[in-house]
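Single-structure report; data block below.
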Amino acid sequence: MVCLGNICRSPLAEGILQKKADEAGLNWTVESAGTNGFHCGEAPHHLSQKIAKANGVDISRQISRRFTAEDFSQYDKIYAMADDVAMEIKKIAGQKFNNDKVDYFLNELEPGSNSNVPDPWYGDEDGYVEVYKLID
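Reading the sequence shown from the start, the letters are residues 0 to 135 in numbering that gives the first Met the number 0.
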């Protein structure tokens with residue numbers, strides 16, 4: 000799960016998908032990252048944490064990190080939250096880019112739509128609620 004700063008959208012996606020995988024008895028490791036390093040080492044945004052907790056998902060122990068080309072070796076699937084993120088993933092990966100591993104997150108719900116998960120960073124709590132609903 001990859002977004003811009005790894006503090007709003009992708010931590011929610013990581014938490015939601017990991018919880019669903021665990022509940023389904025799947026032995027999956029779900030992680031998230033950001034394409035920039037502005038928030039490396041930080042916990043998810045307080046509103047992401049609040050909305051997740053209100054829905055029974057604990058993301059408080061997540062720590063923001065930057066997406067790297069090595070992630071293509073580590074993960075089976077890489078989901079971009081938006082167009083700009085998908086482009087940055089390709090730039091960061093360079094020669095290691097593998098188109099078969101990358102997709103837009105919302106293509107799981109609407110195949111081929113390449114729809115963006117909106118970034119709630121500049122908005123209020125309602126934006127985080129909407130992002131949670133969209134991801135869930």
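We treat Cβ as the ideally placed atom computed from N, Cα and C, and that holds for glycine. Note that this is a predicted model, so its numbers are computed, not measured.
Cβ-heavy atom distance between residue i and the ligand FMN below 8 Å?
{"i": "Gly-122", "result": "As far as ligands go, the structure on display features none, and thus does not contain the ligand FMN."}
Take residue i as the anchor and find which of the options has the nearest alpha-carbon.
{"i": "Asp-135", "options": "Val-1, Ile-6, Lys-18 and Gly-4", "result": "Lys-18"}
{"i": "Ala-81", "options": "Asp-125, Pro-10, Ala-68 and Asn-115", "result": "Asn-115"}
{"i": "Glu-124", "options": "Gly-40, Lys-52, Leu-46 and Asn-54", "result": "Leu-46"}
{"i": "Trp-27", "options": "Gln-73, Lys-90, Glu-107 and Ile-6", "result": "Gln-73"}
{"i": "Ser-9", "options": "Gln-94, Leu-25 and His-44", "result": "His-44"}
{"i": "Val-1", "options": "Tyr-121, Asp-57 and Asp-83", "result": "Asp-83"}
{"i": "Asp-118", "options": "Gly-111, Gly-126 and Ser-112", "result": "Gly-126"}
{"i": "Ile-6", "options": "Val-56, Gln-61, Asp-57 and Lys-52", "result": "Gln-61"}
{"i": "Gly-55", "options": "Leu-105, Asn-113 and Gly-14", "result": "Gly-14"}
If you draw a straight line from the C-alpha of residue i to the C-alpha of residue j, how long is it?
{"i": "Asp-75", "j": "Tyr-103", "result": "14 Å"}
{"i": "Val-23", "j": "Val-29", "result": "The sequence as given places Ala at residue 23; Val does not occur at that position. Spanning the two alpha carbons is a distance of roughly 14 Å."}
{"i": "Leu-133", "j": "Leu-108", "result": "10 Å"}
{"i": "Phe-37", "j": "Gly-4", "result": "6 Å"}
{"i": "Ala-68", "j": "Asp-21", "result": "27 Å"}
{"i": "Phe-96", "j": "Leu-16", "result": "24 Å"}
{"i": "Gly-111", "j": "Asp-57", "result": "30 Å"}
If I'm right that residue i touches residue j with Cβ under 8 Å, what's the distance once you round it to whole angstroms?
{"i": "Phe-66", "j": "Ala-12", "result": "About 14 Å; that fails the 8 Å criterion."}
{"i": "Tyr-131", "j": "Ile-77", "result": "Actually they are not in contact, since the Cβ atoms of Tyr-131 and Ile-77 sit about 21 Å apart, beyond 8 Å."}
{"i": "Ile-88", "j": "Val-101", "result": "6 Å"}
{"i": "Cys-39", "j": "Ser-63", "result": "6 Å"}
Of all the CB atoms in chain B, is at least one closer than 9 Å to the CB of residue i?
{"i": "Arg-60", "result": "The structure shown contains no chain B; it holds only a single protein chain."}
May I have a chain-ordered list of the beta strand (DSSP E) segments no shorter than 3 residues that lie completely inside the region 94-123?
101-103
Tell me the start and end of each unbroken beta strand (DSSP E) in the region 20-84 that is at least 3 residues and wholly inside, in chain order.
77-79
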